[in-house]
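Enquirer: Protein chains in written order, with this note's numbering: chain S, 1 to 240; chain Z, 1 to 551. Heads up, the beta-carbon is just placed ideally off N, CA and C, and yes, glycines get one too. All of these numbers come straight from a predicted model, not from anything done at the bench.
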Amino acid sequence: MTTLIWGVLPYVAFVLLVAGTVWRYLYDKFGWTTRSSQLYESRLLNIASPVFHYGILFVLVGHLVGLFVPMSWTDAIGVGEHTYHLFSLYGGTAAGALVVLGILTLIVRRRVNASVFRATTRNDKLMYVVLFAAIALGMAAKLTHASGDGYNYRVSIGPWARSLFTLNPDTGRMHGVPVLYQIHAVVGMLLIALVPFTRLVHMFSAPVQYLFRPYVVYRSRDPRRLAARPERRGWERAGS
Amino acid sequence: MRIMAQIAMVMNLDKCIGCHTCSVTCKQAWTNRRGMEYVWFNNVETRPGQGYPRRYEDQDKWRGGWELNKRGALKLKGGGRFRKLAGIFSNPKLPGIKDYYEPWTYDYQNLTDAPLGDDFPVARPRSQITGKPMKIEWSSNWDDNLGGATEHGDLDPMVQQTRQQASDKVKFAFEQTFMFYLPRICEHCLNPSCVSSCPSGAMYKRVEDGIVLVDQDHCRGWRMCVTGCPYKKVYFNHRTGKAEKCTMCYPRVEVGLPTVCSETCVGRLRYLGVILYDADRVTGAARTEDERDLYGAQLDVFLDPEDAGVQRAAEEAGIPYDWVEAARRSPVRALISTYKVALPLHPEYRTMPMVWYIPPLSPVVDALTETGHDGEDHANLFGAIDTLRIPVEYLAQLFTAGDVVPVRSSLEKLAAMRSHMRAVNLGQLPDRSIAESVGMTGDEIEEMYRLLAIAKYEDRYVIPTAAVGDARRLEESALPDSCSLDYAEGPGMGGEGPFGGDSGRTTAGGRRLLPVVSVENFHLSKERQTTDPAAGEAKAPEKFTKTEESS
Chain S
1 MTTLIWGVLP YVAFVLLVAG TVWRYLYDKF GWTTRSSQLY ESRLLNIASP VFHYGILFVL
61 VGHLVGLFVP MSWTDAIGVG EHTYHLFSLY GGTAAGALVV LGILTLIVRR RVNASVFRAT
121 TRNDKLMYVV LFAAIALGMA AKLTHASGDG YNYRVSIGPW ARSLFTLNPD TGRMHGVPVL
181 YQIHAVVGML LIALVPFTRL VHMFSAPVQY LFRPYVVYRS RDPRRLAARP ERRGWERAGS
Chain Z
1 MRIMAQIAMV MNLDKCIGCH TCSVTCKQAW TNRRGMEYVW FNNVETRPGQ GYPRRYEDQD
61 KWRGGWELNK RGALKLKGGG RFRKLAGIFS NPKLPGIKDY YEPWTYDYQN LTDAPLGDDF
121 PVARPRSQIT GKPMKIEWSS NWDDNLGGAT EHGDLDPMVQ QTRQQASDKV KFAFEQTFMF
181 YLPRICEHCL NPSCVSSCPS GAMYKRVEDG IVLVDQDHCR GWRMCVTGCP YKKVYFNHRT
241 GKAEKCTMCY PRVEVGLPTV CSETCVGRLR YLGVILYDAD RVTGAARTED ERDLYGAQLD
301 VFLDPEDAGV QRAAEEAGIP YDWVEAARRS PVRALISTYK VALPLHPEYR TMPMVWYIPP
361 LSPVVDALTE TGHDGEDHAN LFGAIDTLRI PVEYLAQLFT AGDVVPVRSS LEKLAAMRSH
421 MRAVNLGQLP DRSIAESVGM TGDEIEEMYR LLAIAKYEDR YVIPTAAVGD ARRLEESALP
481 DSCSLDYAEG PGMGGEGPFG GDSGRTTAGG RRLLPVVSVE NFHLSKERQT TDPAAGEAKA
541 PEKFTKTEES S
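#1: Would a C-beta distance cut-off of 9 Å place residue 158/S and residue 68/S closer than the cut-off?
#2: Which bits of chain Z does residue 73/S rub up against, with CB to CB less than 7 Å?
#3: Do three or more CB pairs link the segment 153-166 of chain Z to the segment 103-120 of chain Z at distances below 8 Å?
#4: Taking a cut of 7 Å between CB atoms, which residues from the segment 203-215 of chain Z lie near chain S?
#5: How about residue 52/S and residue 217/Z: are their beta carbons less than 9 Å apart?
#6: With a CB to CB cut of under 8 Å and the five nearest residues on each side skipped, what residues in its chain are close to residue 116/S?
#7: Closest Cβ-Cβ distance between residue 38/S and chain Z: below 9 Å?
#8: Would you mind working out which of 185/S, 160/S, 204/S sits nearest residue 142/S, comparing C-alpha positions?
#9: Would you say residue 250/Z and residue 11/Z are within 9 Å of each other, going by their C-beta atoms?
#10: Which chain A residues sit within Cβ distance under 7 Å of residue 192/Z?
#11: With a threshold of 9 Å between beta-carbons, can residue 239/Z be considered close to chain S, or not?
#12: Compute the Euclidean distance between the alpha carbons of residue 73/Z and residue 50/S, then round it to the nearest angstrom.
#13: Under 8 Å Cβ to Cβ from residue 162/S, same chain only, skipping five residues before and after it: list those, please.
#14: Who are the Cβ neighbours of residue 474/Z in its own chain at under 6 Å, not counting the five residues just before and after it?
#15: According to DSSP, simplified to helix, strand and coil, what is residue 43/Z?
#16: My assumption, with CB atoms under 8 Å, is that residue 100/Z sits in contact with residue 133/Z. Please give the rounded CB distance.
#17: Of the choices 109/Z, 462/Z, 315/Z, whose alpha-carbon is the least far from that of residue 332/Z?
#18: Going along the chain, which residues of its own chain have a beta-carbon closer than 7 Å to the beta-carbon of residue 452/Z, five neighbours each way excluded?
#19: Output yes or no for whether 9 Å exceeds the beta carbon distance between residue 184/Z and residue 245/Z.
#20: Check each candidate in 19/Z, 127/Z, 112/Z and name the one with the smallest Cα separation from residue 118/S.
#21: Counting only Cβ-Cβ distances shorter than 7 Å, please list the residues of the segment 136-169 of chain Z near chain S, keeping chain order.
#22: Distance, Cα to Cα, residue 308/Z vs residue 77/Z?
#23: Kindly provide the ranges of any beta strand (DSSP E) runs that are 3 or more residues long and lie completely inside the segment 190-264 of chain Z, ordered along the chain.
#24: Need the endpoints of the alpha helix (DSSP H) that residue 580/Z sits in, please.
#25: Three or more C-beta pairs closer than 8 Å, one from the segment 188-207 of chain Z and one from the segment 219-227 of chain Z: is that the case here?
#26: Please go through the segment 264-342 of chain Z and give each complete alpha helix (DSSP H) segment of 4 or more residues, from N-terminal end onward.
#27: Using a beta-carbon distance below 9 Å, is residue 99/S in contact with chain Z?
#28: Report the CB separation of residue 311/Z from residue 324/Z in whole angstroms; it is logged as a contact under 8 Å.
#29: For the alpha helix (DSSP H) containing residue 123/S, list its first residue and its last residue.
#30: I'd like to know whether the C-beta atoms of residue 350/Z and residue 67/Z end up nearer to each other than 9 Å.
#31: In the DSSP assignment, find the alpha helix (DSSP H) that holds residue 46/S and state where it starts and stops.
#32: Apart from the five residues on each side of it in sequence, which residues of its chain come closer than 8 Å, Cβ to Cβ, to residue 15/Z?
#33: Pick out whichever of 95/Z, 313/Z, 440/Z, 204/Z has its Cα sitting closest to the Cα of residue 43/S.
#34: Beta-carbon of residue 105/S versus every beta-carbon of chain Z: anything under 9 Å?
#35: Given a threshold of 16 other Cβ atoms within 10 Å of its Cβ, counted over all protein chains shown, does residue 505/Z qualify as buried or as exposed?
#36: Just the Cα atoms here: how many angstroms apart are residue 322/Z and residue 105/Z?
See below:
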C-alpha cells in the first residue's frame, strides 16, 4: 500500500499531467480556455477571483519552497527550524486564508447565481470538490500541527518528494507522517492528475509573452485555406 | 514606407431607414448560436440613443481605445501590459450581460400544452441565460426610433458632450426631436486596441486585407479585448469561453463577394473597397496630439493608388496587381479621400477605424421643406445646416471628435449635390457657383452623384479576390461543402461539440447535461481537417480516405 500510494501514484499523476496536457493541447485547443463566467456576474468575481488566484500563487510558491528546498540549505543561510516554522505558519496561513476565502466566495457565487450555476459542468463540480478538498485538508493539516515547532515535514515529506525525481522513491520517509498530511498529499496528487482534463488547464496559458510582443499582431492568411489541400502521401486517387 | 491593403467600408447614413435587415441577416449568418444570443456583430442604433451595449461610448467608464500618456506616446486606456497581467484574474471593466441585454426566448410550448381553461395560454419570456422566467427590460435596440428618448435621451454620452458645448442644441421634446440611424460593425481598425489588449496574441490583423480576426484555437478567454475595443464590437461567447467578433464575412470577401450586411442592405447604402495605406505612419498618426486633428491625420495615412511611386511600392510589397487596380476603382477611397464626404466614427479613440460614414443630410432637407422653404435650394440648405434640429455639433461628436468643420463641409457638399442635380433634372443649366462654393466642379459633383445615388452592385462593391492560382475555387459554388469555421460551436456553427448547444445530452427532465470534458474527438477533428474534396467533385468516399491513410 505504501508503495502504491507513495511510489506509484506520484508517477501516475505526473504522467497524466504531462500526457493529458499534451493530448488536450493537440486535440482540444478550442476547449482550452478559462471559461470565465464574468459576463453573468461581475461584482463578487472582481473581488473573490483575484483574492483566490493571488493566494493560490503564493501557496504554490510555499509548496515549492517547502518540498524542494532541502533543510540543509535553509540551515546554511542561518534560518533555523523554528524561524522557518513560524514563517511557514504565518505566511502559509495568510495565503491559505486568502485562498479559502476566495474559493468559498467563488463556490457560493457559482451555486447561488442562477446563470453561473447553469453554466457549471459536471466536470467543474468534480474539479471544485477536489480543489476545495486539497485546500481545506492542507489548511487543516497545517493548523492542527501548529503548536511549538509544529510538524517538520521537511525531514519526511520533503525528502520523499525530492526522491521522486531520482526515480527511486524513498517511500519509507512517509511512515509516521500525520494522517492529515497524508490525505492532503494524496488529494493533491489527484488534483495534479485532473488538471489537464478540467478548466484548470488555463494555468498553463499564463500570457507572459504579452510583455514582449508588439501591440498589434499581424498574421498572413493561411495559404492552405485558399488553395486545394496538397495531396498527402499515399495511393493515387482513382481516376487521376 | 510599408504599404498595406485594407478592405474598408463606407455607409451612407442618408439612406439608412433603420430596417435592421443587416443586423438580422448578419445574426443568421454568424451569431445564431448558443452563447452568442446577445451578440450582434452588426447592430443599428438610433441616434441620439445609448447604443449597444448601453453607453458604450462612455470611455471614462469602459476604458476602451487608446490615450496619450504624458510623453505623448500611445497607451491603452484600459492599462498597459503589466497592469493587464496583474489584473488578469478578473476584468473590472467588462460589460456585464445586462449592459448588453439579457437574451430571452418564449415559452412557446405552453401555447399548445396548457390545460384547457378560461384564459388564453400565453408564452412567457424565459431568460436564455438563467433558463428562468424573466422580465424583459432592455434589448439591443430598445431605444429604437427614439423610444423612451424623453426619459433616456440624456444618457447618450454624445448628447452629454454636445450639451457641454452648445447648451440647448439637442432637444427631446416630440416636435423638436431629430434622429438618424447608425449601423455599426467592427471597424477593422488600422491601430486596433482589441488586438493590442489580447494577452494571448490570439487576435490579429490579416496582412493581406486588414481584417481583424480572433484565432479560436488560441483565445484563452481573458476578455481584455472586450474592454480594449472602444466600440464594444468584440464579444465574449459565454458558452465556449472565447471572444468572437465581426469577421467582415471574410469567407465571402475572399471570393470577391460583399459582406452579408452589405449584400442584404435594403437601402444599398454600404460601399466596400480597398484602401492602401502606409503602415509605418499609423502609430504616428494615432499619436496626433489634438484629437480633432486625428481625422486629417488618418487621411494622410492613406496612399493614392494613382501615384506611380505607390504602385511601385505596392508591387515590391507583394500586393497583387488586381488589388492595386481595385484600390484605384475603390468607391470607398473616392468617398473618403477624393470627395471627403465620408468621416470616421469616433476618431478620438485613436484606433484609426476603417468603417466610415457619410453624415445624414436628409433630416435637414425634410425639416426645411416642412417649414415651407425650398428644401433643395442651396442657399436655404447651407443656412439650415447650421440652424436646424440635427445639430452639427452632435454629428461632430460622433465623427470628428467635435470638430464641426469637416462635418459641415461634408453636409454642404451633399447639399450642393442636391441643388446641382435638381437643376440638371429640371433641364436647367446648373449654377456653377454652387459647385465652386464647396470646392468642387460640376463634373465632380455629377460623378459623386453617380456614386451616391445610382451606383450598381459592381460599383458599390469593388472587392479583389484572394486569388491564389486556383480559379475554380474563386467561385462561391466551388467552395468546399463545409466551411473552415465549421467546427463544433465555432462561428461556422456546425454540429455539437465542446460545450456545444446546451452542452451535452438531454436528461429525461429535459435539462441538458454538459459534457465531462470538452474535447473535439480526434477522428472528428482529423476528418474536418483533411476531407475537403476538390471543387466540383463529390466528397471522397469514406472507404477511399481510409485506404489512403493505411498506406
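Expert: Put simply:
#1: yes
#2: Simply none; closest approach about 30 Å.
#3: no
#4: 203, 204, 205, 206, 207, 208
#5: no
#6: 37, 40, 41, 109, 110
#7: yes
#8: 185/S
#9: no
#10: Given the protein chain composition of this structure (S and Z), no chain A is represented.
#11: yes
#12: 30 Å
#13: 67, 68, 70
#14: In this prediction, residue 474/Z scores a pLDDT of 46, lower than 50, which makes its location untrustworthy; the coordinate-derived value is nonetheless stated afterwards. Hits under 6 Å: 255, 465.
#15: strand
#16: With 8 Å as the limit, residue 100/Z and residue 133/Z do not qualify as a contact, their Cβ atoms being about 20 Å apart.
#17: 462/Z
#18: 12
#19: no
#20: 127/Z
#21: none
#22: 39 Å
#23: 203-206, 212-214, 234-237, 242-245
#24: With chain Z running from 1 to 551 in the structure shown, residue 580/Z is simply not present.
#25: yes
#26: 282-286, 294-301, 308-316, 321-328
#27: no
#28: 6 Å
#29: 122-144
#30: yes
#31: 43-68
#32: 267, 268, 269
#33: 95/Z
#34: no
#35: Low confidence applies to residue 505/Z: its pLDDT is 45, below 50, so where it sits in the model is not reliable, and the reading given next is rough at best. Exposed.
#36: 47 Å
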